[in-house]
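First comes the structure, then the notes that go with it.
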Ligand code: ADP
Ligand code: MG
C-alpha cells in the first residue's frame, strides 16, 4: 500500500546530454513529494526512472528497500498518471478503472467492486457504466487517478496530471488530490512546474534545476528559507541586495559577503531592517495587496518590488521609509 523510495546518485543521459546529474533523494513511505522546476530540468526523467520506463546510466533506485535495477514497469510497485489521461474510449469507466486488475488476473466481479470503490474515492460514485466521452476533462483525470490507484500501488507517480485543466478546476483538484492521498496513504511523487500547486499539495518540495536538486524541504521552509538563489526565485518574486563584508548600498546589512534575499511581502512601512527612504516608481492595486516598484534614494541602481497592505494609498514620486523582515543571507 505504501513504500519508501531511495534515489542514490542517479545520473541519466540522452546521447551526450546530461538530463540528471547525480541526484540523491530519500522519500518516506506515505509522503507526498512534489518535483518542481522549469521545463527541461529533469522532472519527467526522474519520474520515469522510478517507474521503470528507463534505467539510469549510473546510480540506484530502491523502492521499499528493494533495488529496482532491471525490474520492468509492470513488475514495480508503482503506477503512473500522465497529463493526457489516455482512457480507453470504448470501455466503460468500470472497465477502464479495472484494467490493471484484469491484467493481473483479477476476476470480473472483484474488479467491479474495486472499480466502484475507486470511482467513489475520486468523487465519481455511481458512474461505473458511463463512458469517457460523457465526462468533462476534470472527471476524466479523476478516472485516470482511480485507474492508477485501483491496483493498490505502493508509490503513485503523477506527471503534471493537472496541467491540462483550467486554473479554477486545477486548484479544486489539488485540494482533492491531497485529501485522497491522505486517505489512501500511498506515497505520491508528483511533477509540476507550478509553484503554487507544489505548495498546495506537498509535504516536501524538491526544487530541480538543470538535472540537479536545487533545494528540498516543506513548502514553508523552501519559500521562507531558500537554500539557493534558484529556488528562491522559482518559488516567487525575490529582491536581492548585494552585501560585502556586512555592508550594502543601503548601509550595514547582514554579515559576511553574498546576497540578502527579501520577499516583496516582507518589505513594509514597519519592521526590522531599515531600507531607508525609497521613491515609488509605480504602484498598482492587486486585490490582496498593492504591488509597487521602489528605488532607495541611497542606491539609485537598486529597484525593489514590494507588496504593501491593501489599504496603502501611494503613487509614483512618493517617498516611503521602508523596512524588511525575514531577510535570508546567501553567502557567496
Ligand atoms: P522536464 O520533465 O523537467 O520538463 P525532462 O526530464 O523531460 O524535463 O527532460 C530533461 C532533459 O532531457 C531536457 O533537456 C530534455 O530535452 C532532455 N530529454 C528528455 N527526454 C529526452 C529524450 N527521449 N531524448 C533526448 N533528450 C531528452
Ligand atoms: Mg516533464
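In the working numbering, the protein residues as written are 1 to 332.
The beta carbon of each residue, even a glycine, is placed where N, CA and C say it ideally should be.
I'd like the list of long-range same chain contacts for residue i, defined as Cβ closer than 8 Å, with 5 residues on each side in sequence excluded.
i, result
"residue 315", "280 and 283"
"residue 289", "265, 307, 308, 309 and 310"
"residue 118", "97, 146, 147, 149 and 150"
"residue 140", "85, 87 and 132"
"residue 103", "74"
"residue 249", "241, 242, 296, 298, 299, 301 and 302"
"residue 39", "193"
"residue 19", "12, 13, 42, 45 and 211"
CB-CB under 6 Å to residue i, same chain, minus the five flanking residues each way: which ones, in chain order?
i, result
"residue 322", "267, 275 and 278"
"residue 59", "8, 9, 10 and 11"
"residue 255", "246"
"residue 212", "21"
"residue 199", "219"
"residue 319", "277 and 279"
"residue 122", "142, 145 and 146"
"residue 169", "138"
"residue 162", "170 and 173"
"residue 13", "57"
To which residues does DSSP link residue i through a beta bridge?
i, result
"residue 204", "33"
"residue 293", "282 and 305"
"residue 159", "191"
"residue 184", "According to DSSP, which records beta bridges pairwise, residue 184 is partnered with nothing at all."
"residue 331", "258"
"residue 6", "26 and 62"
"residue 242", "259"
"residue 382", "Residue numbering for the chain in the displayed model covers 1 to 332; residue 382 lies beyond these limits and cannot be assessed."
"residue 14", "17"
"residue 276", "322"
"residue 79", "156"
Quick check on residue i: buried or exposed, where buried means 16 or more other Cβ atoms within 10 Å of its Cβ?
i, result
"residue 129", "exposed"
"residue 292", "buried"
"residue 197", "buried"
"residue 303", "exposed"
"residue 25", "buried"
"residue 81", "buried"
"residue 126", "exposed"
"residue 223", "buried"
"residue 116", "buried"
"residue 52", "buried"
"residue 252", "exposed"
"residue 270", "exposed"
"residue 101", "buried"
"residue 175", "exposed"
"residue 57", "exposed"
"residue 234", "buried"
"residue 66", "exposed"
"residue 111", "buried"
"residue 273", "buried"
"residue 109", "exposed"
"residue 94", "buried"
Note down, in chain order, each residue of its chain lying with its Cβ closer than 7 Å to the Cβ of residue i, except the 5 sequence neighbours on either side.
i, result
"residue 191", "35, 43, 44, 47, 158, 159 and 160"
"residue 144", "81, 85 and 87"
"residue 92", "128, 129, 130 and 131"
"residue 137", "164 and 165"
"residue 29", "2, 3, 4 and 187"
"residue 209", "37, 41 and 230"
"residue 114", "98, 101 and 150"
"residue 258", "243, 329, 330, 331 and 332"
"residue 201", "32, 34, 174, 177, 178 and 190"
"residue 204", "31, 33, 216, 217 and 218"
"residue 195", "36, 234, 235 and 236"
"residue 76", "51, 52, 63 and 68"
Three or more C-beta pairs under 8 Å: does that hold for the region 240–260 against the region 65–77? no
As a quick check of your reading: which residues have a C-beta less than 5 Å from at least one non-hydrogen atom of the ligand ADP, in chain order? 14, 19, 39, 40, 41, 42, 43, 44 and 45
Does the pairing of the region 210–229 with the region 77–88 give three or more beta-carbon distances under 8 Å? no
Under 8 Å: do the region 18–37 and the region 177–187 share three or more Cβ pairs, one atom per stretch? yes
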